[in-house]
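Peer 1: Can you keep this structure in mind? I'll have questions shortly.
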Ligand SMILES: Nc1ncnc2c1ncn2[C@@H]1O[C@H](COP(=O)(O)OP(=O)(O)OP(=O)(O)O)[C@@H](O)[C@H]1O
Ligand SMILES: [Mg+2]
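Residue numbers (our numbering): 1 to 245.
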């Protein structure tokens, strides 16, 4: 369970995220999707229950959280970029834990090369030196994605990473996602509001309603009744009691 501002925002959420697969989280605005992502990366600590990670164990102290964070990268819904820095410098911030925090030296060539490769993978190498404040919303989103990918994470958490990317590019980026999963055994948990993209790239769909899991299964099982439950709060699959009005 997770509580924000005194309110229970996630309740009885019990999930096992399969490795090497894409799990998509869908649901209406305010359902708790971002909170679930933030619970998985430690920005929100559960008020009851635990997060357990294969190879790390239960995340119950600074050491286990640090180990988990080293293997995890997050693409934030609001990008969380620094506007005055160039695209490549923002991507390099994804590697900040790989050099001394107070270092004033230029980034080593090998890390700059990694950042350039990450920018190339999202089609933005040509804008590498442009300040992020001069990029479009979709371009910023792709810088955020490159900053996550450059960490070479085992777990990629992405909160609506395609929200303002144009549809042609969404197709390309979603194919890149799938390729990364297959090639690197990457585990992805991705919040998507484009249901068609979720159904086409995910191995599993989790539908949240008011902080509860209302659907959990493969895309082929996310039929119209399940969609009704998740997006319209219809009780199509749970019959009303006989004495209901
Ligand atoms: N810092 C906070 N303090 C109090 N309540 C919060 C806070 N952040 C989020 N909430 C509330 O928690 C609920 C879930 O928010 P969350 O951001 O997880 O939703 P979401 O499913 O990601 O929505 P969206 O699709 O709009 O991004 C919402 O009702 C929201 O108002
Ligand atoms: Mg959100």
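For glycine and all other residues, C-beta sits at the position ideal for the given N, C-alpha and C. Bear in mind the structure is a predicted one, so any value in this text is a computation, not a measurement.
Return helix, strand or coil for residue 25, following the three-state DSSP convention.
Peer 2: Within the chain shown, the letter at position 25 stands for residue 25. If DSSP states are grouped into helix, strand and coil, residue 25 belongs with the strands.
Peer 1: Using a threshold of 9 Å, state whether the C-beta atoms of residue 149 and residue 73 are closer than that.
Peer 2: Within the chain shown, the letter at position 149 stands for residue 149. Within the chain shown, the letter at position 73 stands for residue 73. Contact flag set, yes.
Peer 1: Tell me whether residue 34, by its Cβ, gets closer than 8 Å to a heavy atom of ligand 2.
Peer 2: Mapped onto the chain shown, residue 34 falls at position 34. Residue 34: yes, Cβ under 8 Å from ligand 2.
Peer 1: Which residue's Cα is closest to the Cα of residue 278: 4, 167, 208?
Peer 2: The structure shown does not extend to residue 278, since the chain spans only 1 to 245, so no value can be given for it.
Peer 1: For residue 216, list the residues DSSP reports as bridge partners.
Peer 2: Residue numbering aside, residue 216 sits at position 216 when the chain shown is read from its first letter. 206, per the DSSP bridge assignment.
Peer 1: At a cut-off of 8 Å, would you count residue 232 as near ligand 1, judging by its Cβ distance to the nearest heavy atom?
Peer 2: For the purposes of this step, residue 232 is taken as residue 232 along the chain shown, with counting starting at 1. No - ligand 1 has no heavy atom lying nearer than 8 Å to the Cβ of residue 232.
Peer 1: Name the two residues that bound the continuous alpha helix (DSSP H) containing residue 82.
Peer 2: In the chain shown, the residue the question calls residue 82 occupies position 82. Residue 82 -> no alpha helix (DSSP H), and no H or E assigned at all.
Peer 1: Could you spell out where the beta strand (DSSP E) holding residue 75 opens and where it closes?
Peer 2: Here residue 75 refers to the residue found at position 75 when the chain shown is read from its first residue. Run containing residue 75: 72-75, per the beta strand (DSSP E) assignment.
Peer 1: Which of helix, strand or coil does DSSP assign to residue 144?
Peer 2: On the chain shown, position 144 is the one that residue 144 refers to. Note: residue 144 maps to helix in three-state DSSP.
Peer 1: Rounding to the nearest angstrom, what Cα-Cα distance links residue 131 and residue 85 in this structure?
Peer 2: Taking the chain shown and counting its residues from 1, the one referred to as residue 131 is at position 131. Taking the chain shown and counting its residues from 1, the one referred to as residue 85 is at position 85. In a straight line, the C-alpha of residue 131 is about 5 Å away from that of residue 85.
Peer 1: Go ahead and pull the three-state DSSP assignment for residue 39.
Peer 2: Counting from one through the chain shown, the residue named residue 39 turns up at place 39. It is helical.
Peer 1: For a quick check, are the C-beta atoms of residue 191 and residue 144 less than 9 Å apart?
Peer 2: Here residue 191 refers to the residue found at position 191 when the chain shown is read from its first residue. Here residue 144 refers to the residue found at position 144 when the chain shown is read from its first residue. Result no, Cβ atoms of residue 191 and residue 144 do not sit closer than 9 Å.
Peer 1: Which runs of the beta strand (DSSP E) spanning at least 3 residues fall entirely within the region 147-195, listed in chain order?
Peer 2: 155-159, 187-191
Peer 1: With 16 as the cutoff for other CB atoms within 10 Å, does residue 82 come out buried or exposed?
Peer 2: One-based indexing of the chain shown puts residue 82 at position 82. It counts as exposed.
Peer 1: When you compare the region 173-191 with the region 148-164, are there three or more beta-carbon pairs, one atom per stretch, that lie closer than 8 Å?
Peer 2: yes
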